[in-house]
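Take a look at the structure below.
Residue numbers (the working numbering): -6 to 313.
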C-alpha cells in the first residue's frame, strides 16, 4: 500500500485511541500500532499542521509528549453537539425516502428504524420537509437489484454472466454474495468468487445474466468488507509514465507507488494497473500529455491502438 495512505489511516485511528487513553506512554502507543517510537513522534508532529482556513496549524488538535507520555487535546468546539444545516438535513431526508421507496432494505428496516429516522428529520426540518422534490434514483443495474437482495439476505449462491471493463472480457462466475453497496452512483455486489477463489466486486450494470441458486453459502467474514476499489497486487503490471503538467490529474485516479520530477517540467508516475489494456485506455485519454517509460509492451500496445484509431479517420469512419 502507498506509504502516505498507510500513515494517514494510522493517524485517523491513533487520534481517537489517544483521546480515550490520555497519558499513554510513547512506547505503548508504538507497540499498539506496530510502529517505531520515531514513527509515533513523526505522526504527532503532523497533527500540529492541522488547522482551519488560514492554515496556521494548532487550531484543531494539540499534541504533546511529556515524561514519555502522550496527550492529545481537541479544540473546544468539538465537544459541542453538531447541528445539521438545511442542506445536510434535506440530503439525509431525500436519501432516507429513496432507500425506503427502493425496497432493498426489506420491510423490517424500512417500516421500523428508517421510518422513525425520517419522521424525526421531517419534524426537525419543519415546513422545509414538505417542499415537493422529484428525485430520480434509478442507477445502472437497478433491474437486478431486487433479484440480488434476497440472495444476499438468504445467503444463496449466485451465478453471473459478467462483462469486465478492466479486462474487456465476458465470463461466467459463481459468487457467494456478501453485501450490496452503492458507490459513486453505481451498485456493486461484493462476495467470494469461486472462479477467482478470492473476494471480488461486481458492478451491477455489467451483469448480463443472473440466476439465484438454491445452494446455501457460508456467512460473510466478520470484518467489514471494504469499498469496491482497486487494490494493487505485486502480480499486477508495473507501469511507469511521464505526464505533462496538464495531465497530472491522473495521479488521483491511480494508487501511486512513486512520483518524481522528470525532464521538461513533466512528472514521472509509477503505479500498478489491473491489466495493460486498462493502462492503454488511460494513456490514450492523455494523448500527447503522456509518454510511456515502462513496460515496453505497454508502449507497443499504445502505438498499435493509436495507429488503428488514425486508420479509422483515414477511411472516413472516425467520429464526426
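Beta carbons are placed, not taken as given, at the ideal position from N, Cα and C, and that holds for glycine.
Keep in mind that this is a model prediction, so the values were computed, not measured.
Mark residue i as exposed unless 16 or more other C-beta atoms lie within 10 angstroms of its C-beta, in which case mark it buried.
i	result
residue 90	buried
residue 13	exposed
residue 5	exposed
residue 128	Any reading at residue 128 needs caution, since the residue's pLDDT is 49, under 50, leaving its predicted position unreliable; the model's value is listed next. Exposed.
residue 170	buried
residue 116	exposed
residue 38	exposed
residue -4	exposed
residue 193	buried
residue 276	buried
residue 302	exposed
residue 257	exposed
residue 11	buried
residue 291	buried
residue 36	buried
Does residue i come out as helix, strand or coil in the three-state DSSP assignment?
i	result
residue 27	coil
residue 53	coil
residue 254	strand
residue 259	coil
residue 212	coil
residue 181	strand
residue 66	strand
residue 61	coil
residue 302	helix
residue 191	strand
residue 314	Only positions -6 to 313 of the chain appear in this structure, which leaves residue 314 out of reach.
residue 217	coil
residue 196	strand
residue 293	helix
residue 16	coil
residue 314	What the structure shows of the chain is the stretch from -6 to 313, and residue 314 is not part of that stretch, so it cannot be assessed.
residue 206	strand
residue 233	strand
residue 167	strand
residue 176	strand
residue 157	strand
residue 90	helix
residue 239	helix
residue 225	coil
Excluding the 5 residues preceding and the 5 following residue i in the sequence, name in chain order all residues of the same chain whose CB lies nearer than 7 Å to its CB.
i	result
residue 166	153, 155, 186, 188
residue 281	none
residue 137	197, 200, 203
residue 64	15, 16, 57
residue 289	none
residue 237	259, 282
residue 140	203, 205
By Cβ distance below 6 Å, which residues in the same chain neighbour residue i in space, the five residues on each side in sequence not counted?
i	result
residue 68	53
residue 172	183, 218
residue 55	66
residue 40	54, 56
residue 304	none
Quick one: residues in its chain with C-beta nearer than 8 Å to the C-beta of residue i, no 5 flanking neighbours on either side, listed in chain order?
i	result
residue 114	82, 85, 86, 89, 122
residue 118	79, 82, 83, 86
residue 212	148
residue 164	154, 155, 157, 188
Specify, as a first and last residue, the run of the alpha helix (DSSP H) that residue i falls within.
i	result
residue 272	269 to 279
Considering residue i, what are the terminal residues of the beta strand (DSSP E) in which it resides?
i	result
residue 4	From DSSP, residue 4 is part of no beta strand (DSSP E) but of the alpha helix (DSSP H) over -4 to 13.
residue 109	Unbroken run through residue 109 is the alpha helix (DSSP H), 108 to 118; no beta strand (DSSP E).
residue 284	283 to 287
Less than 7 Å between the beta carbons of residue i and residue j, yes or no?
i	j	result
residue 263	residue 250	yes
residue 298	residue 273	yes
residue 23	residue 33	yes
residue 321	residue 209	With the chain represented from -6 up to 313, any question about residue 321 goes unanswered, as that position is not in the structure.
residue 235	residue 271	no
residue 319	residue 225	Here the chain comprises residues numbered -6 to 313, so residue 319 is not present and cannot be evaluated.
residue 205	residue 144	yes
residue 240	residue 296	no
residue 19	residue 61	yes
residue 151	residue 176	no
residue 0	residue 26	no
Hey, does residue i have any beta-carbon neighbour from chain C nearer than 7 Å?
i	result
residue 180	Checking the listed chains, one finds no chain C in this structure; it contains a single protein chain.
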